[in-house]
Amino acid sequence: MAAPQMREPIETGAPDGFQYMHPAMRRNFGTWAYHEDVQPGVMVHVAKYGSDKVWTIKAGTQRILDVFTLRKLMDIADEKGDGFIQFTIRSNIQFFVDSEEKVLPLVAALEDAGFPVGGTRNSVASISHTQGWLHCDIPGTDASGVVKAMMDELLPYWRGWDMPNRVHLTTSCCQINCGGQGDIAINVQHTKPPKIDHSLVGNVCERPSVVARCPVAAIRPAMVDGKPSLEVDEKKCICCGACYPPCPPMQINDYEYTQLAIWIGGNHSNARGKPTFQRLVAAGVPNNPPRWPEATAIVKKILDVYKDSARDWERINEWVERIGWPRFFELTGLPFTKYHIDNWRGARANLNSSTHIRF
Amino acid sequence: MASNNYPTPMLDVLEDGPWPSFITGIKNLRDNHPDERIQNVTNGLLGQLEHSYETKMGYWKGGTISVFGYGGGIIPRFSEVGDKFPESREFHTLRVQPPAGNFYDSAMLRQLADSWEKWGSGLQTFHGQTGNIMFIGSDSKSFQHFFDEINDYGWDLGGAGPCVRTAMSCIGGARCEMSNCNEQAIHRHLVNSFTDDVHRPALPYKFKFKVSGCPNDCQNAIERADMAVIGTWRDHKAINQDEWKAFVAEKGRDYVIDNVITRCTSGSLSLGDDDSLIADETNCVRSMHCMNVVPKAIHPGEDKGVTILMGGKRTLKIGDLMGIVIVPFMKLENDDDYEQIIELAEEVIDFWAENGLEHERCGEMIERIGLVNFLEGIGVDPDPNMIHQPRNVSYVRMDGWDEAAEEWFDRKREEKMAS
Ligand code: SF4
Ligand code: SF4
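Going down the list, the sequences are from chains A and B.
Taking my numbering, the leading residue of the first sequence gets 29, the next gets one more, and so forth.
Taking my numbering, the leading residue of the second sequence gets 664, the next gets one more, and so forth.
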């Protein structure tokens, strides 16, 4: 039988963005003079040459967009805007218009349709998130649901300009952390070693590569019940879940022992200080769908303390560096435990070898 | 119609509250979409998601599928509870590369929505964490058709698995006064030189390019990219003293000293008696603060280019790593310049493909073999901008010192002659 005729792919790679760019942005590419923040969620950029100005209106969405919602957004773009949009790295949608009269009607149309306008300047931007239970193969929790539940509570922070500087939140539903670094990160933390279905390991898993995947060399090949399988040294295991993706019979997710941990101070920018990694502040937070109230309460507490105590322009990492960690734990009421003390490679750099102590 | 819908009491709770609800959106497809196929698949999806919420477990497993001619780009999802929720038994995700800078016009998004509605679930995300458009929910009968259709009008799959991944670039020159380079041209020159490595996974692990137009690094490139390209400038920053003085007049000297002058990372700013801004340009480290606070008065300089860092990644396996400076400054203006950055990327990917262990990111390899071995492997000379400070332990064999010093002086001489 003849094989069906298949179409050869056209390997074009990443399309050119200029073809979808607002004409005023194309005209002034690389020659913007400055911008001003007009109101929360709205900026105006002023061209260096000529009289062009472009207003940006930024709105939050549910990120998992259905075609109805996408078309609703496009209707707004066509009816109230100039038909050109862009998505930010945190999946917010930005509309561009080239005249001031279009701004307020566009803002109103977005708000009326339920898309909150905000997230610019010193606000709390929407939470960058991962796939979660909706369509990931290894998730310890949901992602879209956590974000929806938290943003419901954080909406005033998204709309306001009340923070010392911008705040980026992220979530990750496994410890691989595809959510990335954030000023505050809400990440899954497993607390027990994987539960192994030895009847499946031999067939499903490429054992040497699973052994190699473990960061602490806790896995070794073994025969269990006469079948080739893998064994975990549970004293060594740090419960990271790295073995689970290449070997699904090593189930790391658990109804009770998969929990959440909260990290702060990840800052990707080179503004003022060098980029920083986030630091553990709280763990043992229950993974509690559908609204994860315990995690949200801690995030809000940190945000409120930061808002009251940081200076203008200080990101969360800079603020804690200035006031010191003892004060951070005091102000937030979060417990300081032995688990905060680093013992991973390079840990010495995270310990205090000076008499710099605030009393 | 609603009679055979799976109950979703926990998900229903996520319809309350002011933030847009993805559950409302999915239900809208289930209840109001004219195509019965979409009604069914979204019903199954909601049923399975509710089951996840109740049991706090995920129920998708991976596999391998791809479109004809490619080895990757699709994330297969087969349900482990397909007997309970047969409608969404297969729910594969297509990763599609966005235009550089994530720009769209409404007509194109409508066209994509129409194609996706024809073949898939009607759910999509702009964008996943790597930067792809995620078309979530197709089955083995439909994904090839969907790909063929959108590929015909200019869209291609991104990477999945051990391969060059979809790249990302900031909005940059299109609408940002801080931009120092053509972010989108860099993005496309780099990733589109590796389409074979994007579509046919054969590398040790993933490799990501990210481009930010200035050190604010809106794309998190240093923390997340194997090769981070960050716009910068090497002459003096541009100061408009009139705008600056207007700012001082508006805010007052105290505010300006507390919020700008003393906050410069390297202490390179001072405020003149006449309220002018005095900048010690030899000590400006391009830390952006003054420009971010007073964008009307202070801008990047004219001699623009990029700094290139390599080896950033997240936790798995050895812990988070930031990129390391490999090229302190590179001009990117003409074709030769672009050729040079592509060649550098090729060197790095080749060297890593040879020397990286299975599932080892480029940064982890650098950690294992040391930066110097990496530099020698890719033919880049050591530069003091690559380090935070020199080594502090004497345990190193240094019998090649004289030659190394000679090479340094030779390079300096050459640089001097070239300039
Ligand atoms: S959970 Fe992590 S530490 Fe434990 S065996 Fe698996 S890979 Fe190793
Ligand atoms: S990285 Fe710099 S150039 Fe790019 S959008 Fe951000 S501030 Fe603008």
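Every residue gets a Cβ at the ideal spot worked out from N, C-alpha and C, and that includes glycine.
All values reported here derive from a predicted model rather than from experimental measurement.
Assignment of A/P222 by DSSP, reduced to helix, strand and coil, places it in the coil class. Going by DSSP, A/I330 is part of the alpha helix (DSSP H) stretching over P321 to S337.
For B/A884, the secondary structure class from DSSP, reduced to helix, strand or coil, is helix. Look at B/E699 here: in three-state DSSP terms it is helix. Check the Cα spacing between A/Y77 and each of A/T89, A/R91, A/P363 and A/R55: the tightest is with A/R55. Check the Cα spacing between A/P68 and each of A/F364, A/G301 and A/G147: the tightest is with A/G147. Segment contact: the region 953-963 of chain B against the region 990-1003 of chain B, fewer than three CB-CB distances shorter than 8 Å; contact not assigned.
Here the alpha carbons of B/L674 and B/I686 stand approximately 7 Å from one another. Under the Cβ criterion of 8 Å, B/M1028 is not counted among the residues facing chain A. Nearest Cα to A/E259 within the set A/E129, A/H73, A/V238 and A/K329: A/V238. Setting aside the 5 residues that flank it on each side, B/V874 is surrounded in the same chain by S832, E846, I849, H850 and V892, each with a C-beta closer than 6 Å to its C-beta; the list follows chain order.
Counting C-beta pairs with one atom in each stretch, the region 687-700 of chain B and the region 85-102 of chain A have three or more that are closer than 8 Å, which means they touch.
At a beta-carbon threshold of 7 Å, the residues of chain B lying near A/C164 are G721 and W723, ordered along the chain. DSSP lists no beta-bridge partner residue for B/T687. Interface with chain B (8 Å Cβ-Cβ cutoff): A/Y285 is excluded.
Cβ-Cβ separation between A/A289 and A/V313: approximately 7 Å, consistent with a contact (criterion under 8 Å). In this structure, A/C268 lies away from A/Q209, with their beta-carbon atoms at least 8 Å apart. Taking C-beta separations shorter than 8 Å and ignoring five residues to either side along the sequence, the partners of A/N315 in its chain run G168, T169, V216, T286, Q287 and L288, following chain order. In this structure, the straight-line span from the alpha carbon of A/D282 to that of A/V244 is close to 21 Å. Per the coordinates, the alpha-carbon of B/L866 lies some 13 Å from the alpha-carbon of B/D889. Considering only beta carbons, the part of the region 261-275 of chain A lying closer than 7 Å to chain B consists of A270, in chain order. Spanning the alpha carbons of B/D860 and B/V744 requires a straight line of approximately 34 Å. The three-state secondary structure of B/A763, taken from DSSP, is helix. Residue environment for A/F364: exposed (fewer than 16 other C-beta atoms within 10 angstroms of its C-beta). If you ignore the 5 residues before and after A/C275, its C-beta comes within less than 6 Å of the C-beta of C233 and V238, all in its own chain and listed in chain order.
In this structure, the CA atom of A/A177 is about 19 Å from the CA atom of A/C164. Under the DSSP assignment, A/T304 falls outside any alpha helix (DSSP H); it carries neither an H nor an E label. Interface annotation, A/V95: in contact with chain B, CB-CB separation under 8 Å. Scanning its chain for C-beta atoms nearer than 6 Å, with the 5 sequence neighbours on each side dropped, one finds around B/S939 the residues Q904, in chain order.
Per DSSP, the unbroken alpha helix (DSSP H) holding B/R1076 starts and ends at W1064 to A1081. Neighbours of A/L183 in chain B, taken as residues at a C-beta separation under 7 Å, are given in chain order as P681 and W682.
A Cβ-Cβ distance of about 13 Å is found for the pair A/H196 and A/V175, leaving them out of contact under the 8 Å criterion.
In chain order, G817 and D819 make up the part of chain B whose C-beta sits under 7 Å from the C-beta of A/T40. In terms of CA proximity to B/I1029, B/V1011 leads the group B/K967, B/V1011 and B/L772.
The closest CA to that of B/N883, considering only A/K302, A/P37, A/Y367 and A/W83, is found on A/K302.
Assignment of beta-bridge partners to B/F1037 by DSSP yields no partner.
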